[in-house]
Amino acid sequence: MSLSQRQEHHADRTLFLTSVALIGSVFAIGVTAQSVVVLGIDAVSPGTHELAPGIDVIVRISVNLASVAILALCSVWLRLCIRTLGKFFALSVIASSIAAVIRSLLQLVIGIYDDPVTAASDALITAPVCVVVLVIAHVLVTLNRKARAAEQAHQQAAMRAAEALSSLQQEELRVRREVADALHGTMQQRLVFLSAELESIGSEIVKLAEPGAESALKPSDAVALESRIHDVRSGLNSMREQDLRTLSAALYPEALDRGLVPAIRALTARIPASIPVELLTDDISSPDGLDTGSRLLLIRAAEEGVTNALRHGRAVSISLELTRDIEPDGPVYRLSVRHRGVRPEEPIVLSGLARLKRRLIDLGGDLLFAAEGDGARLSAWVPEDHERKP
Amino acid sequence: MQAPPRVLRIGVVEDQPLFREMLQHLLGSVPGFRVCTAHGVSEASAWNAQELDVALLDFELPDGTGLELGRQLRQANPQLGVVLLSAVDRASSLLEIDNQDRWSYLSKTSATSTADLVRTIRLAASGGSFIDPNIVARRTPRAGSPLAVLSARQYSVLMLIAEGLTNQTIAARLGIAPNSVNNHVNAVYAALGFNNTTHNPRVSAVRAFLKDSA
Chain X
0 MSLSQRQEHH ADRTLFLTSV ALIGSVFAIG VTAQSVVVLG IDAVSPGTHE
50 LAPGIDVIVR ISVNLASVAI LALCSVWLRL CIRTLGKFFA LSVIASSIAA
100 VIRSLLQLVI GIYDDPVTAA SDALITAPVC VVVLVIAHVL VTLNRKARAA
150 EQAHQQAAMR AAEALSSLQQ EELRVRREVA DALHGTMQQR LVFLSAELES
200 IGSEIVKLAE PGAESALKPS DAVALESRIH DVRSGLNSMR EQDLRTLSAA
250 LYPEALDRGL VPAIRALTAR IPASIPVELL TDDISSPDGL DTGSRLLLIR
300 AAEEGVTNAL RHGRAVSISL ELTRDIEPDG PVYRLSVRHR GVRPEEPIVL
350 SGLARLKRRL IDLGGDLLFA AEGDGARLSA WVPEDHERKP
Chain E
0 MQAPPRVLRI GVVEDQPLFR EMLQHLLGSV PGFRVCTAHG VSEASAWNAQ
50 ELDVALLDFE LPDGTGLELG RQLRQANPQL GVVLLSAVDR ASSLLEIDNQ
100 DRWSYLSKTS ATSTADLVRT IRLAASGGSF IDPNIVARRT PRAGSPLAVL
150 SARQYSVLML IAEGLTNQTI AARLGIAPNS VNNHVNAVYA ALGFNNTTHN
200 PRVSAVRAFL KDSA
């Protein structure tokens with residue numbers, strides 16, 4: 000049992016005992032007061048203290064309070080506070096009977112009653128009253144437990160939301176940095192190179208077109224210039240098709256809005272054709288039942304899996320599988336990337352994947368990356384309705 | 000008396016004003032073409048698809064995708080030819096469509112050429128299904144896939160099928176006899192696992208090309 004659970008049990012027991020003591024005392028004093036009011040002080044003082052009939056009243060209250068104490072002790076002994084409802088009622092009857100019998104015995108010994116039959120009748124009335132006291136205490140503890148659970152759930156939800164927001168902000172920063180680096184690095188360099196090449200081609204055309212120039216434009220020059228312009232065009236096309244597309248996918252994966260299957264298909268289309276790729280999608284329709292945030296996490300996991308397979312796993316084949324499994328808590332989308340090539344060294348450190356794993360756990364899913372055969376398998380999953388996660 | 004030439008009604012949906020105007024100008028100047036334009040899904044949704052022969056749709060639109068819009072228009076008019084336009088190769092998205100018949104894919108680079116654009120529209124209007132030749136040429140068969148076992152000639156024939164050419168045109172393009180093309184086509188179908196029950200094998204071959212090339 001954890002420290003917090005022990006503290007909770009202690010708090011429940013304290014509340015239970017306090018409730019029994021307070022409510023029992025109210026009954027204890029109330030019953031005596033009722034006897035005095037209804038029957039008169041002389042009637043409740045059968046003569047043991049004729050000179051001071053009020054002492055009898057005090058004795059009666061003391062006996063009643065002692066009964067409450069016995070009831071409380073019995074509830075501790077029988078651990079009523081942590082019992083299930085059925086056991087609670089059964090044990091409550093036992094505890095109440097013990098308290099009622101002891102009360103009647105005390106009343107006989109002290110002389111409040113001189114007739115055992117009357118004392119027994121009194122015990123028959125006292126026992127149900129004790130049960131009522133215990134039930135009220137139990138109801139109070141149950142209500143307190145529910146309030147505590149609701150408060151804890153609220154706190155956990157707030158904590159999860161804060162964690163999710165924090166990881167989202169970190170992820171956004173990472174992607175922004177990545178895109179900014181790519182824009183300032185590769186893209187800018189290529190644009191500078193293409194710009195310089197165009198300027199050089201322009202200068203050459205001007206030079207060749209100068210009137211009377213020895214090097215007037217010849218067919219071979221035209222072919223060479225056309226070839227250079229063609230190279231510039233190819234460079235621009237490559238930037239558009241690859242670099243810009245990669246950047247765009249880094250910001251937002253292709254086809255994500257249309258569903259997991261189109262997004263995975265777009266991802267596999269970017270894997271070099273020299274690597275065999277198997278794509279199994281379990282007849283999942285598009286759009287699927289996931290929200291965009293959950294889809295994004297699964298696709299990011301698949302991207303990491305494919306990147307790992309290509310970069311570190313020297314993949315000779317890659318297989319991607321998407322399934323929608325029906326589990327007791329509801330449907331779960333599971334995406335796995337399996338590659339054959341080089342088996343990763345163990346123990347595996349998740350590094351970049353750890354961030355994804357945390358975010359998936361926040362949504363009630365998880366991520367596993369493990370060596371398998373002559374390669375590795377990355378599996379990521381998320382429940383269809385993560386609002387219902389435990 | 001000779002019947003007047005059929006007017007082709009073309010719906011163009013493109014969000015970039017400059018490109019939309021260019022397409023409208025290129026297509027509008029062709030005799031027998033009637034063009035209407037929209038800048039997004041919501042505007043084009045108001046069209047009566049029955050009054051269109053071809054829809055030329057930009058893939059990425061501000062309020063949706065050309066793919067979804069094409070589906071919607073095709074539901075209203077099953078005979079409509081749909082041509083998706085994109086600056087990058089997203090032709091694999093055609094695999095999301097159950098019945099790829101009469102769906103085509105054109106790169107925006109090709110769309111700037113009047114000849115390519117007109118050929119595309121006429122092919123789409125006649126019920127053809129094709130992929131932009133520039134996109135087809137850039138792709139290579141994926142290792143380990145059925146495409147990888149095709150001979151160079153068979154793969155060339157498949158590429159031309161993907162471009163929407165008939166066997167006769169393929170024969171002329173490759174400079175071989177139509178019978179040889181038939182043989183190559185049958186070999187391609189066999190390699191792709193098609194049999195007599197395969198529905199519309201030409202369209203299925205294009206799907207296989209999109210699925211197993213990169």
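Chain order of the listed sequences is X and E. To convert, note that position 247 of the first sequence is 246 in numbering that gives the first Met the number 0; the numbers rise steadily by one, no gaps. To convert, note that position 214 of the second sequence is 213 in numbering that gives the first Met the number 0; the numbers rise steadily by one, no gaps. Quick reminder that beta carbons are idealized off the backbone N, C-alpha and C, glycines included.
If you follow the beta strand (DSSP E) that residue i is part of, which residue opens it and which one closes it?
i                : result
Phe129 (chain E) : Note, Phe129 (chain E): premise wrong, no beta strand (DSSP E); not H, not E.
Pro330 (chain X) : 329–339
Ile53 (chain E)  : Before going further, note that residue 53 (chain E) is Val rather than Ile in the sequence given. Val53 (chain E) -> beta strand (DSSP E) spans 53–57.
Val82 (chain E)  : 80–85
Thr322 (chain X) : 316–326
Val11 (chain E)  : 7–12
Tyr188 (chain E) : That residue, Tyr188 (chain E), is in no beta strand (DSSP E); its alpha helix (DSSP H) goes 177–190.
Leu278 (chain X) : 276–279
Thr36 (chain E)  : 32–37
Ser103 (chain E) : 102–106
Report yes if the C-beta distance between residue i and residue j is below 8 Å; otherwise report no.
i                : j                : result
Pro327 (chain X) : Glu383 (chain X) : no
Leu149 (chain E) : Val202 (chain E) : no
Leu83 (chain E)  : Leu209 (chain E) : no
Thr267 (chain X) : Leu319 (chain X) : yes
Ile263 (chain X) : Ala142 (chain E) : no
Leu246 (chain X) : Ala300 (chain X) : no
Leu7 (chain E)   : Asp52 (chain E)  : yes
Gly80 (chain E)  : Pro145 (chain E) : no
Arg342 (chain X) : Gly374 (chain X) : yes
Ala234 (chain E) : Gly10 (chain E)  : The structure shown does not extend to residue 234 (chain E), since chain E spans only 0 to 213, so no value can be given for it.
Asp14 (chain E)  : Leu60 (chain E)  : yes
Asp391 (chain X) : Gly258 (chain X) : Outside the modelled stretch of chain X, which goes from 0 to 389, sits residue 391 (chain X), for which no answer is possible.
Asp467 (chain X) : Met158 (chain X) : Any question about residue 467 (chain X) goes unanswered here, given that chain X covers just 0 to 389.
If I'm right that residue i touches residue j with Cβ under 8 Å, what's the distance once you round it to whole angstroms?
i                : j                : result
Thr17 (chain X)  : Val56 (chain X)  : That belief does not hold up - the Cβ atoms of Thr17 (chain X) and Val56 (chain X) are roughly 26 Å apart, past 8 Å.
Tyr332 (chain X) : Leu289 (chain X) : 6 Å
Asp220 (chain X) : Leu235 (chain X) : With 8 Å as the limit, Asp220 (chain X) and Leu235 (chain X) do not qualify as a contact, their Cβ atoms being about 23 Å apart.
Val180 (chain E) : Glu162 (chain E) : With a Cβ gap of about 14 Å, Val180 (chain E) and Glu162 (chain E) do not count as contacting.
Ala71 (chain X)  : Val19 (chain X)  : 5 Å
Ser106 (chain E) : Asn76 (chain E)  : So it is not a contact: roughly 25 Å between Cβ atoms.
Val276 (chain X) : Ile325 (chain X) : Between Ile325 (chain X) and Val276 (chain X) the Cβ distance is about 27 Å, and since that is not below 8 Å, they are no contact.
Thr113 (chain E) : Ser103 (chain E) : With 8 Å as the limit, Thr113 (chain E) and Ser103 (chain E) do not qualify as a contact, their Cβ atoms being about 17 Å apart.
Ala265 (chain X) : Ser85 (chain E)  : With a Cβ gap of about 12 Å, Ala265 (chain X) and Ser85 (chain E) do not count as contacting.
Arg102 (chain X) : Thr125 (chain X) : 6 Å
Where do the N-terminal and C-terminal ends of the alpha helix (DSSP H) with residue i fall, by residue?
i                : result
Leu246 (chain X) : 243–250
Phe368 (chain X) : Here Phe368 (chain X) belongs to no alpha helix (DSSP H); instead the beta strand (DSSP E) covers 365–371.
Ala375 (chain X) : First-last for Ala375 (chain X): 374–382, but that is the beta strand (DSSP E), not the alpha helix (DSSP H).
Val205 (chain X) : 187–208
Ser203 (chain E) : 200–210
Ser95 (chain X)  : 84–109
Tyr154 (chain E) : 151–161
Ser237 (chain X) : 218–237
Leu309 (chain X) : 291–310
Gly351 (chain X) : 351–361
Ser41 (chain E)  : 40–43
Gln167 (chain E) : 166–173
Val260 (chain X) : 259–268
Ala75 (chain E)  : 65–75
Glu20 (chain E)  : 16–27
For residue i, go through chain X and note every residue whose CB falls closer than 7 Å to its CB, in chain order.
i                : result
Ala142 (chain E) : Ala272, Ser273, Ile274, Pro275
List the residues of chain E that residue i touches, going by C-beta distances under 7 Å, in chain order.
i                : result
Arg264 (chain X) : Ser91, Leu94
Arg244 (chain X) : Val87
Pro261 (chain X) : Ser92, Glu95
Arg294 (chain X) : By Cβ distance, chain E contributes nothing, its closest Cβ being about 15 Å from Arg294 (chain X), past 7 Å.
Arg342 (chain X) : Those within 7 Å of Arg342 (chain X) in chain E number zero; the least Cβ separation is about 20 Å.
Ala268 (chain X) : Ser91, Ala213
Could you tell me if residue i is buried or exposed, where buried requires 16 or more neighbouring beta carbons within 10 angstroms of its beta carbon?
i                : result
His9 (chain X)   : exposed
His137 (chain X) : buried
Thr306 (chain X) : exposed
Pro140 (chain E) : buried
Residue i touches chain X at which residues, Cβ-Cβ below 8 Å?
i                : result
Ser212 (chain E) : Ala272
Cβ closer than 9 Å: which chain E residues qualify as neighbours of residue i?
i                : result
Glu240 (chain X) : Ala86, Val87, Asp88, Arg137
Pro252 (chain X) : Those within 9 Å of Pro252 (chain X) in chain E number zero; the least Cβ separation is about 13 Å.
Ser316 (chain X) : Ala142, Gly143
Ser285 (chain X) : Glu95
Arg257 (chain X) : Thr64, Leu66, Glu67, Ser92, Glu95
Using a Cβ-Cβ cut-off of less than 8 Å, list which residues of the region 34–65 of chain E approach chain B; keep chain order. No chain B appears in this structure, whose protein chains are X and E.
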